[in-house]
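Presented below is the structure to which this report refers.
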Amino acid sequence: MHRPTKRLTRIFVCAAAVPVILVASGCSSDSGDGADKGSSKASASASDAAAKVKAAAYDSLPQPCAAISKKTLDSLVPEAKSGKAGSSDDESVRGTCSWSSLDNKGVKGSQFRWLNASLMRFDSDAARGSGNKLAHAYFTKQVTDAQSVDGAKSPKSEPVSGTGDEATAVTYELKKKEGTFKQQTVVARVENVVVTIDYNGAGLAGEKTPGADELVKDAEKAAKEAVAAVVAANGAGGSDTAGSASAKPSDKTSSKPSAKPSEKSSAKTSSKPSAKSSDEPSDKASAKS
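Residue 289, in this note's numbering, is where the sequence shown stops; the numbers in between run on with no holes.
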C-alpha cells in the first residue's frame, strides 16, 4: 500500500516541476532575443550616425611652396630666392611655406617683407562631425588668434569676398626693435580646408613704412591664389571656381584616414607672426642696412 503512494507522490512532484523549467527556459530565451535586438539597434544607430556625416570634399593639398604663383611672389617678396617649407607628418593634412625678402638700399634704408602660407585639411569623422564643420571651427580660431596677438596695435578685421566659402582679413601694427611692422593675416576656408596667409612689411634704417592698404591687398591676392591651388589640386577647376562653393566636389568621398590635427602637433602650423621669427630681420639684418 505504501509503495504505490510513494510512486504517485513522485509523479506529482515531477509534473509540478516541469512547468517551472519551461517558464525558466522561456524567460532565458526572451532575454537573449532582447539583447540581440538591443545590440542590433546600437549598431544601426552607429551606422546611421556615420551615414549622416557628409564626406569631406577634398582629400589632398597642393605643395604649400607652389600654392602661390611666381609672379605674385616676385611682387610680394621680390628679393626672396625660394620658399622654406615647414616639416609635416602628413602633407595631405597640413603644410606651410615661408618667404622673406630684404631689399637693402644701403644708406637709404631697406624694405623688409615676410610671407607665410599655411594649409590645413580636415576629414569628416562620425564622432566629431563633418570636415566642413571642423574646418569652420579652426577658421574661427585662426581669426581669433590673429586678433589677439600680444603687442598688436589697433587690430582691425574685415570680411574678404570671392575667396573660398568664407574669409577674413586682420590687420594691425607691431612694434619691434627693428622698426614698425605692418601685419596682415588673411584666413580663408574652402570646404574642409583652411588657408592662412601671414604677410608683413617694414621700412628699416629710416626707410618709409609700407602702407597697410597695399599690403592687405597683396595678402588677399595670395590667399585667393592659395585657395585656387587647393581646388585645383583636387581636380576641381582652379581659380575660376575658388570663390564658388557650388563648383566644388562636395560629395567626394575621402580616401584618407580621419585626421585629428589637435593630436598631431609635430608640424605646428603658423597662424600669427612671432616677435622672434627666424625669417624676420634680426640685429644682423638691421646692421647690414
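Here a beta-carbon is modelled for each residue, glycine too, at the ideal position from N, C-alpha and C.
CB-CB length for residue i against residue j, believed under 8 Å
i      : j      : result
Ala152 : Val216 : Not quite, the Cβ-Cβ distance comes to about 15 Å (not below 8 Å), so this is no contact.
Asp198 : Asn116 : 4 Å
Val230 : Val190 : 6 Å
Thr163 : Lys224 : 5 Å
Arg121 : Ser87  : 17 Å between Cβ atoms; not a contact.
Sequence-distant residues of the same chain with beta carbon closer than 7 Å to residue i, five excluded per side
i      : result
Ala80  : Leu73, Trp99, Ser100, Ser101
His136 : Arg189
Gly109 : Gly203, Leu204, Ala205, Gly206, Glu207, Ser289
Ile68  : Ala117, Ala222, Glu225, Ala226
Leu76  : Arg113, Leu115, Tyr199, Asp218, Ala222
Ser148 : none
Ser60  : Ser92, Ala233, Asn234
Burial state of residue i, where buried means 16 or more other Cβ atoms lie within 10 Å
i      : result
Ala222 : buried
Asp150 : exposed
Lys284 : Residue placement at Lys284 cannot be trusted, given a pLDDT of 37 that sits under 50; the coordinates are not used to answer.
Gly206 : exposed
Ala127 : exposed
Asp89  : exposed
Glu220 : buried
Chain-order list of residues whose beta-carbon lies under 6 Å from that of residue i (same chain, five-residue window excluded)
i      : result
Thr171 : Lys156, Gln184, Ala212, Val216
Cys97  : Pro64, Cys65, Gly83, Ala85, Ala117
Ser130 : Val53, Lys54, Ser124
Thr209 : Thr180, Gly203
Ala56  : Asp123, Ser124, Gly131, Asn192, Ser254
Thr196 : Ser118, Gln142, Val187, Ser271
Residue i: first and last residue of the uninterrupted alpha helix (DSSP H) it sits in
i      : result
Val227 : 212-233
Gly131 : 131-147
Asp74  : 70-76
Span of the beta strand (DSSP E), counted from its first residue to its last, around residue i
i      : result
Thr209 : Neither: Thr209 is in no beta strand (DSSP E) and is coded neither H nor E.
Glu158 : 153-159
Ser118 : 110-121
Gln184 : 179-190
Ala167 : 166-176
Cys97  : 94-104
Neighbourhood of residue i by C-beta, 8 Å cutoff - its chain only, sequence neighbours within 5 removed
i      : result
Pro78  : Ser101, Asp103, Arg113
Ser154 : Tyr172, Glu173
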